[in-house]
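Peer 1: Those protein sequence lines, which keep their order, are chains A and B. Under numbering that gives the first Met the number 0, read the first sequence as residues 0 to 189, first letter to last. Under numbering that gives the first Met the number 0, read the second sequence as residues 0 to 84, first letter to last. Would you mind keeping the following structure in view while I ask a few things?
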Amino acid sequence: MPLFTLKNMSKIIKELVIEQGTVLLNGETFFKGESTEIGPFLKSLYKHLELKYGKYFKMDLLSKLGFLGAEILIDGANEIVPETDEVALVFANASSSLNTDANYQESIADIPSPAVFVYTLPNIVIGEISIRHKFYGEHMFFIQTEYNKEELLKYTESLFAETNTKYAIVGWLEVDMNNEYNAQLMLCSK
Amino acid sequence: MSELKEELKAKLIEQLNLEDFEVSDIDDNDPLFDDEGLALDSIDALEIIVLLEKEYGIKLDDPKKGKDIMQSVQTLADFIEKNRK
């Protein structure tokens with residue numbers, strides 16, 4: 000059953016919140032980590048999901064957060080099949096990739112790390128999710144001062160209306176300079 | 000040489016975030032860039048170049064040689080033995 004119906008009859012199928020060491024799925028506790036610190040917490044969530052995806056460990060924190068959020072939303076959503084342009088990815092945050100940018104700046108003092116450099120854009124997380132599921136659809140990463148759910152849903156509605164998009168993973172994906180993190184994601188359908 | 004290869008495996012795991020691997024999982028002749036080996040990618044190749052410079056003081060002057068040097072832990076260790084400062 001859809002949780003919420005948008006103006007144009009699009010539906011929010013699932014809602015996910017990841018913050019302070021806890022994952023809430025549709026308002027209920029899905030996972031609680033032993034640590035709230037982002038690194039150990041995301042690692043424990045990855046293990047909990049029993050994923051086998053070596054490339055995960057190479058990702059920056061923002062990509063790890065979005066990747067795991069997408070995995071939880073897509074799991075069990077049998078209507079979402081790989082190799083499709085019908086799934087859109089629409090995210091927003093306030094800090095862009097600043098957390099990784101700072102790490103990269105630190106590495107410049109010695110020999111710059113190419114593996115860190117490739118994550119110095121916020122939309123790389125979209126690439127990681129797309130590579131994993133072979134999504135070729137619409138995508139956007141907004142930088143906003145605060146989470147504006149209505150605005151993101153309005154943008155998603157326009158994708159449903161004007162493009163081939165039938166499903167969308169939409170929401171807020173934030174990791175700031177102090178490693179504070181917050182994800183508020185939705186799986187929507189046309 | 001054997002010590003260098005073990006050290007190199009540990010450094011590769013650490014530097015390239017190969018958390019699914021233990022030193023004992025990597026054979027000296029496993030292909031580094033093949034799905035049957037470590038399945039590394041082009042960014043990993045750049046990280047190995049950084050590792051050679053940072054850890055062993057070796058600058059790879061001719062990028063064309065990279066493909067031969069980075070076949071396996073064995074070929075990397077051979078190259079380091081010949082060129083380390």
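Glycine included, every Cβ here is placed at the ideal spot set by N, Cα and C.
1) H138 (chain A) bridges to which residues according to DSSP?
2) Ignore the nearest five residues each way along the sequence and tell me which others in D84 (chain A)'s own chain have a CB closer than 6 angstroms to its CB.
3) Counting only beta-carbon separations shorter than 8 angstroms, does P113 (chain A) have a partner in chain B?
4) State yes or no: is the C-beta of C187 (chain A) within less than 8 angstroms of the C-beta of T155 (chain A)?
5) Within its chain, find whatever has a CB closer than 6 angstroms to the CB of N181 (chain A); leave out the 5 residues flanking it on each side and keep chain order.
6) Assess contact between the segment 93 to 103 of chain A and the segment 118 to 135 of chain A, defined as three or more Cβ pairs (one per stretch) separated by less than 8 angstroms. Is contact present?
7) What residue range is occupied by the uninterrupted beta strand (DSSP E) comprising H95 (chain A)?
8) With distance defined between alpha-carbon atoms, name the residue in B:N16, B:I79 and B:E5 nearest to A38 (chain B).
9) Measure from the alpha carbon of Q70 (chain B) to the alpha carbon of each residue in B:E13, B:Y55, B:E2 and B:D29, then state which is nearest.
10) Pick out whichever of B:D40, B:K63 and B:E54 has its Cα sitting closest to the Cα of I79 (chain B).
11) Out of A:V16, A:T21, A:N25 and A:G53, which has the shortest C-alpha to C-alpha gap to D34 (chain B)?
12) To the nearest angstrom, how far is it from the Cα of V115 (chain A) to the Cα of Q14 (chain B)?
13) Should N92 (chain A) be labelled buried (16 or more other beta-carbon atoms within 10 Å of its own) or exposed?
14) Any Cβ of chain A within less than 8 angstroms of the Cβ of N82 (chain B)?
15) Restricting to Cα atoms, I'd like to know which of B:I47, B:K63 and B:K8 is closest to G56 (chain B).
16) Name the chain B residues whose beta carbon is nearer than 7 angstroms to that of G65 (chain A)?
17) Would you call the CB atoms of M58 (chain A) and E127 (chain A) closer than 8 angstroms?
18) Measure the alpha-carbon distance for S95 (chain A) versus G65 (chain B) and round it to whole angstroms.
19) Taking Cβ-Cβ distances shorter than 9 angstroms, what residues in chain A pair up with E52 (chain B)?
Peer 2: Taking the geometry as given:
1) Taking the first sequence and counting its residues from 1, one reaches residue 138 (chain A) at position 139. Per DSSP, A:L88.
2) Against the first sequence, residue 84 (chain A) aligns to sequence position 85. The residues are Y135, G136 and N163.
3) Translated into positions along the first sequence, residue 113 (chain A) becomes position 114. Interface residue, yes.
4) Here residue 187 (chain A) corresponds to residue number 188 of the first sequence, with the count starting at 1. Here residue 155 (chain A) corresponds to residue number 156 of the first sequence, with the count starting at 1. For C187 (chain A) and T155 (chain A), yes; Cβs fall inside 8 angstroms.
5) Taking the first sequence and counting its residues from 1, the one referred to as residue 181 (chain A) is at position 182. Result list for N181 (chain A): E18 and E173, in chain order.
6) yes
7) The residue you call residue 95 (chain A) lines up with position 96 of the first sequence. Here the sequence assigns Ser to residue 95 (chain A), which means His is not the residue at that position. Careful: S95 (chain A) lies outside any beta strand (DSSP E) and carries neither H nor E.
8) For the purposes of this step, residue 38 (chain B) is taken as residue 39 along the second sequence, with counting starting at 1. Of B:N16, B:I79 and B:E5, the residue nearest in Cα terms is B:N16.
9) Mapped onto the second sequence, residue 70 (chain B) falls at position 71. Q70 (chain B) has its Cα closest to that of B:D29, out of B:E13, B:Y55, B:E2 and B:D29.
10) Position 80 of the second sequence holds residue 79 (chain B). Of B:D40, B:K63 and B:E54, the residue nearest in Cα terms is B:E54.
11) In the second sequence, residue 34 (chain B) corresponds to position 35, counting from 1. For D34 (chain B), the nearest C-alpha among the options comes from A:G53.
12) As a first step, residue 115 (chain A) must be located in the first sequence, where it is residue number 116. As a first step, residue 14 (chain B) must be located in the second sequence, where it is residue number 15. Using only the alpha carbons, I get a separation of about 11 angstroms.
13) As a first step, residue 92 (chain A) is located in the first sequence; it is residue number 93 there, counting from the start. N92 (chain A) is buried by the Cβ-count criterion.
14) On the second sequence, residue 82 (chain B) is found 83 positions in, with the first residue counted as 1. Judged by the 8 angstroms Cβ criterion, N82 (chain B) is not in contact with chain A.
15) Counting from 1 along the second sequence, the entry for residue 56 (chain B) is found at position 57. Checked all of B:I47, B:K63 and B:K8; the closest Cα to G56 (chain B) is B:I47.
16) Position 66 of the first sequence holds residue 65 (chain A). The contacting residues do not exist; G65 (chain A) stays about 18 angstroms from chain B at best.
17) As a position in the first sequence, residue 58 (chain A) is number 59, starting the count at 1. As a position in the first sequence, residue 127 (chain A) is number 128, starting the count at 1. The answer is yes: Cβ separation under 8 angstroms.
18) Counting from one through the first sequence, the residue named residue 95 (chain A) turns up at place 96. Counting from one through the second sequence, the residue named residue 65 (chain B) turns up at place 66. Between S95 (chain A) and G65 (chain B), the C-alpha separation is close to 35 angstroms.
19) For this step, residue 52 (chain B) is matched to residue 53 along the second sequence. By Cβ distance, chain A contributes I110.
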